[in-house]
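A.B. asks: Add 172 to a position in the sequence shown, counting from 1, and you land on the number used in our numbering. C-beta: ideal position from N, C-alpha, C; glycine also.
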Amino acid sequence: MARTAVPASLSPGDPAVEVRDVSVAIDGKTILDGVSLTAHAGEVVALIGPNGAGKSTLLSVVTGDQEHGTGRVTIAGRDLAEWSLRELGRRRAVLLQEHGVFFPFTVREVVEMGRAPWQNTPRDTDDDDAVLEALHSTGLRRFAPRQLPSLSGGERARAGFARILAQRAGIVLLDEPTAALDLRHQEDLLRLVRAGARRGDAAVVVLHDLSLAAAYADRIALVAEGRIVADGTPEEVLTAPLLSVVYDHPVEIVRHPVTGTIIVVPLRHDGAATDSETP
Ligand code: ADP
Ligand code: MG
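Below is the structure:
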């Protein structure tokens, strides 16, 4: 069978994902309204915002799963519509919010699915290495022969993420990848995303934990009611007045005493940032 040439990789700072003035309406309701967002190679961009803000819709526009009315989406500088699905699979990996693979595949089989886009390319010689490394770095080696339905929700989520790692696509699009994970595995996952960015990958990651976003993202885009209302460094975006309005709940910004990293604390009860319910 003919072997396919693989795409040249991006250089740090190249635009990996570009969304320009995209609007989406479903059944006459505006879901995204003139959204623009760029993620560069080497960069972790966190998408934050309240439930129903449009984060998943924005991600699905980038993956091509959601059609948009106006606007333009490019992946690695090329219009999304010009990519074949198979080519896209070599360029970007997608972890959906509802990735629930409940079919009786083993963990190893799920991770191997990440290699499908590389079949019959010069890079298919990396398959075994990529699968092993993904299992290893997600701590799933001993789970490799286990069937997905026998795993806990968090273990299944890690298997889904291991598939993304094995794909070695250079651009990762992750919708709430940490939602089912405990504290340690949240940190592990985002550390792996950061390590990818250090090697030149671009990542767009939907996160609900704002302190986690502050710690791991280079840039944060805050989505509210279908628009990007702020886009900048964690320091620029994570401000108490803005978050309190957008989340409709008062928050306080504190700094880690040693690292200076931003920590977002919801105010509880009478303005105290601690649980004041205890007598
Ligand atoms: P988020 O991921 O930020 O929580 P979503 O992008 O999933 O938000 O949804 C944004 C808004 O669009 C929500 O109000 C949701 O109910 C609505 N929405 C999403 N998909 C559809 C659809 N297929 N039909 C109707 N409304 C939708
Ligand atoms: Mg969502």
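From residue 325 to residue 354, what distance separates their C-alpha atoms?
C.D. replies: Whole-angstrom Cα-Cα distance: 11 Å.
A.B. asks: Which of the three DSSP states, helix, strand or coil, is assigned to residue 334?
C.D. replies: Three-state DSSP puts residue 334 in a helix.
A.B. asks: Determine the direct distance from the alpha carbon of residue 437 to that of residue 224, and round the result to whole angstroms.
C.D. replies: Going by the C-alpha atoms only, they are around 21 Å apart.
A.B. asks: Below 7 Å, is the gap between the Cβ of residue 227 and the nearest heavy atom of ligand 2?
C.D. replies: Within the cutoff, so yes.
A.B. asks: Report yes or no: do the segment 334-348 and the segment 374-388 share at least 3 C-beta pairs separated by less than 8 Å?
C.D. replies: Output reads yes: the segment 374-388 touches the segment 334-348.
A.B. asks: Quick one: does the C-beta of residue 221 sit closer than 7 Å to a heavy atom of ligand 1?
C.D. replies: Result yes, Cβ under 7 Å from ligand 1.
A.B. asks: For residue 205, which of helix, strand or coil comes out of DSSP?
C.D. replies: Note: residue 205 maps to strand in three-state DSSP.
A.B. asks: Can you grab the Cα-Cα spacing for the pair residue 226 / residue 409, in whole Å?
C.D. replies: Residue 226 and residue 409: Cα-Cα distance of roughly 18 Å.
A.B. asks: For residue 187 and residue 411, what's the separation of their Cα atoms in angstroms?
C.D. replies: Answer to the nearest angstrom: the Cα atoms are 27 Å apart.
A.B. asks: Rounded to whole angstroms, what's the CA-CA distance from residue 450 to residue 397? Just pull it up for me.
C.D. replies: At residue 450 the pLDDT is 43, less than 50, meaning the model places this residue with poor confidence and gives no usable figure here.
A.B. asks: Under the rule that 16 or more other beta-carbon atoms within 10 Å means buried, what is residue 330, buried or exposed?
C.D. replies: Classification of residue 330: buried, given that the 10 Å Cβ count is 16 or more.
A.B. asks: Identify, in the order they occur along the chain, each residue of the same chain with its Cβ nearer than 6 Å to the Cβ of residue 306, setting aside the five sequence neighbours on each side.
C.D. replies: Around residue 306: 283, 334, 337 and 338.
A.B. asks: Mind the definition here: the segment 193-206 touches the segment 253-261 only if three or more C-beta pairs lie below 8 Å; say whether that holds.
C.D. replies: The segment 193-206, when compared against the segment 253-261, does not touch it at the 8 Å Cβ threshold.
A.B. asks: Start and end of the beta strand (DSSP E) containing residue 246?
C.D. replies: Per DSSP, residue 246 belongs to the beta strand (DSSP E) from 244-247.
A.B. asks: Check for me: the beta strand (DSSP E) holding residue 195 runs from which residue to which?
C.D. replies: That run of the beta strand (DSSP E) goes 187-198.
A.B. asks: Around the C-beta of residue 200, are 16 or more other C-beta atoms found within 10 angstroms, so that it is buried, or is it exposed?
C.D. replies: Exposed: under 16 other Cβ atoms inside 10 Å.
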